[in-house]
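Protein chains in written order, with the numbering used here: chain H, 58 to 286; chain F, 58 to 286. Glycine included, every Cβ here is placed at the ideal spot set by N, Cα and C.
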DNA sequence: GTCTGGCATACGGTATACCAGACCAGCGGA
DNA sequence: TCCGCTGGTCTGGTATACCGTATGCCAGAC
């Protein structure tokens, strides 16, 4: 006997307006250059609600979430403002990033499979020799993906989550610094050393190399980035 | 001439209902034992609003913040539930904690003053010899304060903030594990070694000791704590 | 007795109305 | 002319009404 049953996929209505607005605003804020002179940092609740064609209630809930996350500051009776991170704060973020990623490297030496570590090396095969400067944009993307892969491979979801959050604030910085000086060349050398340490399952070395690599970025930002406040 | 003026205490109007409710709920959730069998994990918006004698709007904004922070989960059309952390998640938190605190130790060796490091040692002078077990509660408090002091002394506000957030979820665990086995004795020995490394300004050693000390806690939780799911 | 469809009710999501503080412009007095 | 007061408006904070869905109960049918 053949039973033909009706198969329907469950409709996902479990994404509320609050969440939609939250995501939309978050993306919008991340994609705008908040450090530009003429940046409009003030958000008008009523106008936003109008633009989204929703009421202020779910919008305000979304804004409350964004404030909790640090992307926005709500001043009672004054308005909601996109926050500019200070150089100090960016440096602290990179420091925390260094702590997290170096711990991730340590975890990888203990838990990751050889296959996974191998895949890291493949990411850079396309950038042989002097190819880096010629394809600086691609390399920048690969660079970011390398670090995110390490965080993911740690199998510690919390590390990845916190780092992702930090990354939101750092994206513009990171993209803007990669092409300075001899950074791309040094960067790829560092990466190779890190991969070697992971392959050798040398937890202490991998941790140290990752930490120093990231703290190098901090030093670079500290001395070379001026457009932060 | 005597001027009798009306003295009123400053109204704290720059703290919105949303924030007040947020703090109040957060404290309430942290202080209840969410792992008890009969724990009431469901929150009723309307009843809460009634209890606080406010409307649902600021309450919902506070709940949205709590959800963002991970203390609560809002299921559309179903309600808001206090989240129980799984053992897995607790272990990840301790891992991140280890990463942060070990980085904090590293920073201390570079930036903190001798006076500050000295103050760490003083925290334990009252627990000479076998005094620990006799005053286990006091020691537990000191123990927590020791770790928080390290985080603070790093002068990296972000490290402290993230760790504080993690600590909310770990408080009950930490308090419940300190008295097991020979942990208090080993704990104080570890602490002393950490202090010595800080005094010697040995960044690598201090970092390693702090990391191992915290990861020990993780191991202990992993093997000895069963009441998490 | 059990299964099912309908109805009542409860509760969360959203919209809207109202209130109060903040800021500004214009006017009047010094 | 300049300072300060005042009223109006703008905008965020709060309360409340309404809507739709989830849930539980009951009745009727098999």
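Does the contact criterion of 3 or more C-beta pairs under 8 angstroms hold for the segment 132 to 151 of chain H versus the segment 85 to 102 of chain H? yes
Quick check on this structure: which residue in H:157, H:217 and H:120 has the alpha carbon closest to the alpha carbon of residue 272 of chain H? Your numbering for residue 272 of chain H matches position 215 in the first chain. Comparing Cα-Cα distances from residue 272 of chain H to each of H:157, H:217 and H:120, the minimum goes to H:157.
Can you list, in chain order, the stretches of the alpha helix (DSSP H) that have 4 or more residues and sit fully within the segment 145 to 214 of chain H? 171 to 179, 188 to 191 and 193 to 210
Within 8 angstroms of chain F by C-beta, residues of the segment 143 to 174 of chain H in sequence order: Under the 8 angstroms Cβ criterion, the segment 143 to 174 of chain H contributes 146, 149, 150, 152, 153, 155, 156, 157, 159, 160 and 164.
Beta-carbon separation of residue 79 of chain H and residue 106 of chain H under 8 angstroms? The sequence position of residue 79 of chain H within the first chain is 22, counting from 1. The sequence position of residue 106 of chain H within the first chain is 49, counting from 1. No, Cβ-Cβ distance for residue 79 of chain H and residue 106 of chain H is not below 8 angstroms.
Using a Cβ-Cβ distance cut-off of 8 angstroms, determine whether residue 102 of chain H contacts chain F. For the purposes of this step, residue 102 of chain H is identified with residue 45 of the first chain, where counting begins at 1. Residue contact check for residue 102 of chain H against chain F: no CB pair falls below 8 angstroms.
Since I believe residue 278 of chain F is in contact with residue 230 of chain F (beta carbons under 8 angstroms), could you give me their beta-carbon distance rounded to a whole number of angstroms? Here residue 230 of chain F is taken as the residue at index 173 of the second chain, counted from 1. Here residue 278 of chain F is taken as the residue at index 221 of the second chain, counted from 1. At roughly 6 angstroms, the Cβ-Cβ gap stays under 8 angstroms, so residue 230 of chain F and residue 278 of chain F are in contact.
So who's on the other strand from residue 138 of chain F, going by DSSP bridges? Position 81 of the second chain, counting from 1, holds the residue named residue 138 of chain F. Looking at the DSSP assignment, residue 138 of chain F forms a beta bridge with F:99 and F:130.
Among F:205, F:95, F:104 and F:227, nearest to residue 128 of chain F - alpha-carbon criterion: To locate residue 128 of chain F, count along the second chain from 1; it is residue 71. Residue F:227 is the option with its Cα nearest to residue 128 of chain F.
Determine, using beta carbons only, whether residue 126 of chain H comes closer than 8 angstroms to chain F. Translated into the one-based positions of the first chain, residue 126 of chain H becomes position 69. Yes, its Cβ sits closer than 8 angstroms to a Cβ of chain F.
Identify which residue in H:204, H:203 and H:145 has its Cα closest to the Cα of residue 280 of chain H. Along the first chain, one-based indexing puts residue 280 of chain H at 223. Nearest of H:204, H:203 and H:145 to residue 280 of chain H, Cα basis: H:145.
Counting only the same chain and skipping the five closest in sequence on each side, list residues whose C-beta sits under 7 angstroms from that of residue 180 of chain F. Locating residue 180 of chain F in the second chain gives position 123, where the first residue counts as 1. Hits under 7 angstroms: 199, 202 and 203.
Relative to the alpha-carbon of residue 256 of chain F, which residue among F:212, F:282 and F:175 has its alpha-carbon at the smallest distance? For the purposes of this step, residue 256 of chain F is identified with residue 199 of the second chain, where counting begins at 1. Of the listed residues, the one whose Cα sits closest to residue 256 of chain F is F:175.
Residue 242 of chain H and residue 270 of chain H closer than 8 angstroms at C-beta: Counting from one through the first chain, the residue named residue 242 of chain H turns up at place 185. Counting from one through the first chain, the residue named residue 270 of chain H turns up at place 213. In this structure, residue 270 of chain H does not lie closer than 8 angstroms to residue 242 of chain H by Cβ.
Of all Cβ atoms in chain H, is any one closer than 8 angstroms to the Cβ of residue 87 of chain F? If you number the second chain from 1, residue 87 of chain F lands on position 30. No, no contact with chain H.
How close, in whole Å, do the beta carbons of residue 149 of chain F and residue 215 of chain H come, if the pair is a contact with beta carbons under 8 angstroms? The sequence position of residue 149 of chain F within the second chain is 92, counting from 1. The sequence position of residue 215 of chain H within the first chain is 158, counting from 1. Confirmed, about 4 angstroms.
Indicate the three-state DSSP secondary structure (helix, strand or coil) for residue 258 of chain H in the structure shown. For the purposes of this step, residue 258 of chain H is taken as residue 201 along the first chain, with counting starting at 1. Residue state, collapsed to three classes: coil.
Alpha helix (DSSP H) segment containing residue 79 of chain H, residue limits: Walking along the first chain from the start, residue 79 of chain H turns up at place 22. DSSP places residue 79 of chain H inside the alpha helix (DSSP H), whose first and last residues are 74 to 88.
Selection of the segment 234 to 265 of chain F by Cβ proximity to chain H, strictly under 7 angstroms: none
If you check the beta carbons only, do residue 162 of chain H and residue 219 of chain H fall under 8 angstroms apart? Here residue 162 of chain H refers to the residue found at position 105 of the first chain. Here residue 219 of chain H refers to the residue found at position 162 of the first chain. No, these two residues do not count as a Cβ contact at 8 angstroms.
Please report the straight-line C-alpha distance between residue 171 of chain H and residue 170 of chain F, rounded to a whole angstrom. The residue given as residue 171 of chain H occupies position 114 in the first chain. The residue given as residue 170 of chain F occupies position 113 in the second chain. For residue 171 of chain H and residue 170 of chain F, the distance between alpha carbons rounds to 44 angstroms.
Is residue 176 of chain F close to chain H? Criterion is C-beta to C-beta, closer than 8 angstroms. In the second chain, residue 176 of chain F corresponds to position 119, counting from 1. So no, residue 176 of chain F is outside the interface.
Nearest-angstrom Cα separation, counted from residue 195 of chain H out to residue 108 of chain H: In the first chain, the residue the question calls residue 108 of chain H occupies position 51. In the first chain, the residue the question calls residue 195 of chain H occupies position 138. The alpha-carbon atoms of residue 108 of chain H and residue 195 of chain H are separated by roughly 35 angstroms.
Separation of residue 166 of chain F from residue 258 of chain H, as counted between CA atoms: Start at 1 with the first residue of the first chain, and residue 258 of chain H comes out as number 201. Start at 1 with the first residue of the second chain, and residue 166 of chain F comes out as number 109. For residue 258 of chain H and residue 166 of chain F, the distance between alpha carbons rounds to 28 angstroms.
Three-way DSSP call (helix, strand, coil) for residue 60 of chain F in this model: As a position in the second chain, residue 60 of chain F is number 3, starting the count at 1. Note that residue 60 of chain F scores 43 on pLDDT, short of 50, meaning its location in the model is unreliable; the coordinates nonetheless yield the value given after this. Assignment of residue 60 of chain F by DSSP, reduced to helix, strand and coil, places it in the coil class.
May I ask you to report which of helix, strand or coil DSSP gives residue 263 of chain F? Stepping through the second chain from its first residue, residue 263 of chain F is reached at position 206. Residue 263 of chain F falls in the helix class under three-state DSSP.
For residue 153 of chain F, count the other beta carbons within 10 Å of its own beta carbon; 16 or more makes it buried, fewer makes it exposed. Which is it? Translated into the one-based positions of the second chain, residue 153 of chain F becomes position 96. Counting other Cβ atoms within 10 Å of its Cβ, residue 153 of chain F reaches 16 or more and is therefore classed as buried.
Taking any Cβ of chain H, which residues in the segment 207 to 229 of chain F have a Cβ under 8 angstroms from it, in chain order? Of all residues in the segment 207 to 229 of chain F, only 213, 214, 215, 216 and 219 come within less than 8 angstroms of chain H when Cβ atoms are compared, listed by chain position.
From F:151, F:173 and F:254, pick the residue whose C-alpha is nearest to that of residue 223 of chain F; which is it? The residue given as residue 223 of chain F occupies position 166 in the second chain. Comparing Cα-Cα distances from residue 223 of chain F to each of F:151, F:173 and F:254, the minimum goes to F:151.
Among F:276, F:81, F:96 and F:135, the one whose alpha carbon lies nearest that of residue 116 of chain F: Counted from its first residue, the second chain places residue 116 of chain F at position 59. Closest option to residue 116 of chain F, Cα to Cα, is F:81.
Whose C-alpha, out of F:210, F:86 and F:74, is nearest the C-alpha of residue 134 of chain H? For the purposes of this step, residue 134 of chain H is taken as residue 77 along the first chain, with counting starting at 1. Comparing Cα-Cα distances from residue 134 of chain H to each of F:210, F:86 and F:74, the minimum goes to F:74.
Take residue 112 of chain F and list the residues in its own chain whose beta-carbon comes closer than 7 angstroms to its own, dropping the five residues that flank it on each side. For the purposes of this step, residue 112 of chain F is taken as the residue at position 55 of the second chain. Taken in chain order, the residues that qualify are 106.
Helix, strand or coil for residue 278 of chain H? Go by DSSP, reduced to three states. Your numbering for residue 278 of chain H matches position 221 in the first chain. Three-state DSSP puts residue 278 of chain H in a helix.
Give a yes or no on whether 8 angstroms exceeds the smallest Cβ distance from residue 73 of chain H to chain F. Indexing the first chain from 1 puts residue 73 of chain H at position 16. Yes, contact with chain F.
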